[in-house]
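Visitor:
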Amino acid sequence: MAAFGTLFMPEMAISWFDGSAWSEPKLVASDSIQLHPGAHVLHYSSTCFEGLKAFRHEDGSIKVFRMDASMARFAQSSRLLALPEIDPAMSSRMITETVARFASEVPAPPGSMYIRPTHFGTEPAIGKAAAPSSTSCQYILLSPVGDYFAGGDSCLRLLVEDQGMRCAPHNGMIKSGGNYASALRPILAARAEYQADQVLFCPGGDVQETGAANFLLIDGDEIITKALDESFLHGITRDSILTLARDLGMRVSERPLSVDELLERAAKPGCEAALSGTAAVLAPVGTLIYRGKEYAVGSGKVGETTVRLRQALNDIQWGKAEDRFGWLTSIDL
Ligand SMILES: Cc1ncc(COP(=O)(O)O)c(C=O)c1O
2 MAAFGTLFMP
12 EMAISWFDGS
22 AWSEPKLVAS
32 DSIQLHPGAH
42 VLHYSSTCFE
52 GLKAFRHEDG
62 SIKVFRMDAS
72 MARFAQSSRL
82 LALPEIDPAM
92 SSRMITETVA
102 RFASEVPAPP
112 GSMYIRPTHF
122 GTEPAIGKAA
132 APSSTSCQYI
142 LLSPVGDYFA
152 GGDSCLRLLV
162 EDQGMRCAPH
172 NGMIKSGGNY
182 ASALRPILAA
192 RAEYQADQVL
202 FCPGGDVQET
212 GAANFLLIDG
222 DEIITKALDE
232 SFLHGITRDS
242 ILTLARDLGM
252 RVSERPLSVD
262 ELLERAAKPG
272 CEAALSGTAA
282 VLAPVGTLIY
292 RGKEYAVGSG
302 KVGETTVRLR
312 QALNDIQWGK
322 AEDRFGWLTS
332 IDL
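Here my numbering is used: the first residue of the sequence shown is 2, the next is one more, and so on.
1) Rounded to the nearest angstrom, what separates K269 and L329 at their Cα positions?
2) Name the one or two DSSP bridge partners that H120 has.
3) Ignoring anything shorter than 4 residues, give me the alpha helix (DSSP H) runs that lie fully in the region 47-107, in order along the chain.
4) Is I237 near ligand 1, in the sense that its beta carbon is under 6 Å from a heavy atom of that ligand?
5) Please classify R292: does DSSP put it in a helix, a strand, or coil?
6) Please name the residue in L258, S259, T244 whose C-alpha comes closest to that of R252.
7) Which residues in the same chain as P89 place their Cβ atom closer than 8 Å to its Cβ, once the five residues preceding and following it in sequence are excluded?
8) Between the alpha carbons of Q196 and N180, how many angstroms are there, rounded?
9) Considering just the uninterrupted stretch of the alpha helix (DSSP H) at I188, what are its terminal residues?
10) Buried or exposed: A213, going by 16 or more other Cβ atoms within 10 Å of its Cβ?
11) Out of curiosity, what's the CA-to-CA distance linking P11 and A30?
12) Which residue from S46, K129, R158, I219 puts its Cα closest to that of A191?
13) Per the DSSP calculation, E17 is bridged to which residue(s)?
14) Take the Cβ of P38 as the centre, count every other Cβ of all protein chains shown within 10 Å, and call the residue buried at 16 or more, exposed below.
15) Could you check where the alpha helix (DSSP H) with E305 kicks off and where it finishes?
16) Does ligand 1 have a heavy atom nearer than 6 Å to the CB of L243?
17) Check whether the Cβ atoms of G20 and S135 lie closer than 7 Å to each other.
18) May I have the straight-line CA-CA distance separating E25 from S16, to the nearest angstrom?
19) Looking at C-alpha atoms only, which residue of S232, G301, V282, L310 is the closest neighbour of L249?
20) Excluding the 5 residues preceding and the 5 following R247 in the sequence, name in chain order all residues of the same chain whose CB lies nearer than 8 Å to its CB.
21) Which stretch, first to last residue, makes up the alpha helix (DSSP H) that contains A267?
22) Which residue wins for smallest C-alpha separation from G287, given the options G278, A274, H41?
23) CB-CB under 7 Å to I87, same chain, minus the five flanking residues each way: which ones, in chain order?
24) Counting C-beta neighbours from all protein chains within 10 Å, is the total for S331 16 or more, i.e. buried, or is it exposed?
25) I want to check one thing, is the minimum distance from the CB of E51 to the heavy atoms of ligand 1 below 6 Å?
26) Out of R94, A131, D148, G304, which one is the CA nearest neighbour of S113?
27) From the DSSP output, in three-state form, read off S144 for me.
28) At what residues does the alpha helix (DSSP H) containing D1 begin and finish?
29) In the DSSP output, which residue or residues are listed as bridge partners for W328?
30) For L143 and E265, what's the separation of their Cα atoms in angstroms?
31) Mind checking A228: buried by the 16 CB within 10 Å criterion, or exposed?
32) By Cβ distance, which residues of its chain are closer than 6 Å to Y291, with the 5 residues on each side in sequence left out?
33) Please determine whether the Cβ atom of T279 lies at a distance below 6 Å from any heavy atom of ligand 1.
Right, here's the structure in full:
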């Protein structure tokens, strides 16, 4: 199987904003787009995107998971970046039409069709460093993906970073390309120096998130994770897992978590930690590396609550459990 996100469906839905209105969305070849070299996005990073998945159920139906939440975040990211307003209903239609077009290519579980809506400023204007793009483009790109855990459910090693930060604090809740570019240097350094898989950003000692996933500490029947603010991404998987945890009778504490408390709790036998995100759903964290020292989380192995919560979410996504929270959108085939 190709690496995650490197295989694309040959067509995508696209629409252009000309300064006053969005063009009627249409399906076009997905191998190229034409942009002026002075396009706003190429100079001033006026871009945001989304990541969500469509799943194939045993009865042959295709369902998109939490499309409404994702489109609300897409609209919010666009607004916070001063990009032209998007209409979530129109973007949703672009998703359902593109997924319907390639319904036969949606892999069966544990695979899925990863959906990448993207929106960026197109105005040819290199003098607009401090002004928004008046024109933009949005498209819906599809990429079939396989089993994230095909290589086994190995535990992640996280470098706990309390000096730097992932991105500018007022930008954290925007799903924008610049934030990922800004996190790259610390991530590459953590890989080279500590063989860490990810960096857990904890600015000023406040446990926040990694470069592409939210962080959850699972201590007995309590889940502890940072309360929503504008400094980090409001993960839809995070919200889904917390909803399922509450439903299973667990205690959910959305509050500040310091690095000191994290290391203290992680040392307890039975403690678990996990990263939540669309790609991996819930990936176990086995080791924290802080100031050159390694700390095992609980046993250092995959925890049973992590597996149970991931299964509960997968069961809904895969149509093996009732969609009690109204998270699935059916694709008309
Ligand atoms: C920085 C960051 N945090 C958290 C997440 C998890 O968000 P979601 O669960 O909506 O995929 C992502 C997802 O890609 C991310 O890029």
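For each residue, glycine too, the CB sits at the ideal point set by N, CA and C.
Since the structure is predicted, the reported quantities are computational estimates derived from the model, not experimental observations.
Guide: With the given structure in hand:
1) So the alpha carbons of these two residues sit roughly 37 Å apart.
2) Answer is C49, Q139.
3) DSSP runs (the alpha helix (DSSP H)) wholly in the region 47-107: 68-81, 89-102.
4) A distance criterion of 6 Å places the beta-carbon of I237 in contact range of ligand 1, judged by its closest non-hydrogen atom.
5) Three-state DSSP puts R292 in coil, outside helix and strand.
6) Restricting attention to L258, S259, T244, the CA atom closest to the CA of R252 is found in T244.
7) For P89, the CB contacts under 8 Å within the same chain, skipping 5 residues up- and downstream, are D69, M72, A73, F75, A76 in chain order.
8) Cα to Cα, Q196 sits roughly 22 Å from N180.
9) I188 -> alpha helix (DSSP H) spans 178-195.
10) Residue burial annotation: A213 is buried, with at least 16 other C-beta atoms found within 10 angstroms of its C-beta.
11) Distance from the CA of P11 to the CA of A30, rounded to the nearest whole angstrom, comes to 6 Å.
12) Closest by alpha carbon: R158.
13) Strictly speaking, residue 17 in this sequence is Trp, with Glu absent from that position. Answer by DSSP bridge pairing, in chain order: C138.
14) Around the CB of P38, fewer than 16 other CB atoms lie within 10 Å, so the residue is classed as exposed.
15) E305 -> alpha helix (DSSP H) spans 305-318.
16) Not so, every heavy atom of ligand 1 lies at least 6 Å from the Cβ.
17) Inclusion of G20 and S135 in the CB contact set at 7 Å is warranted, their separation being smaller than that value.
18) Computed Cα separation, rounded: 6 Å.
19) Looking at S232, G301, V282, L310, the one whose alpha-carbon comes closest to that of L249 is L310.
20) Hits under 8 Å: V253.
21) Residues 260-267.
22) If we check each option's Cα against that of G287, A274 comes out closest.
23) Non-local C-beta neighbours of I87 in its own chain, meaning closer than 7 Å and more than five positions away in sequence, comprise F75, A76, S79, H120, Q139, ordered along the chain.
24) By the neighbour-count definition (other C-beta atoms within 10 Å, threshold 16), S331 is an exposed residue.
25) Incorrect: E51 has no Cβ contact closer than 6 Å to ligand 1.
26) In this structure, D148 is the residue among R94, A131, D148, G304 with its C-alpha nearest to the C-alpha of S113.
27) S144: strand per DSSP, three-state reduction.
28) There is no way to answer for residue 1, as the model of the chain reaches only from 2 to 334.
29) Paired residue(s): none; W328 is not in a bridge.
30) If you take the alpha carbons of L143 and E265, they lie about 42 Å apart.
31) So A228 ends up on the exposed side.
32) Cβ neighbours of Y291 within its own chain (closer than 6 Å, five residues either side excluded): V161.
33) Distances between the C-beta of T279 and the heavy atoms of ligand 1 include at least one below 6 Å.
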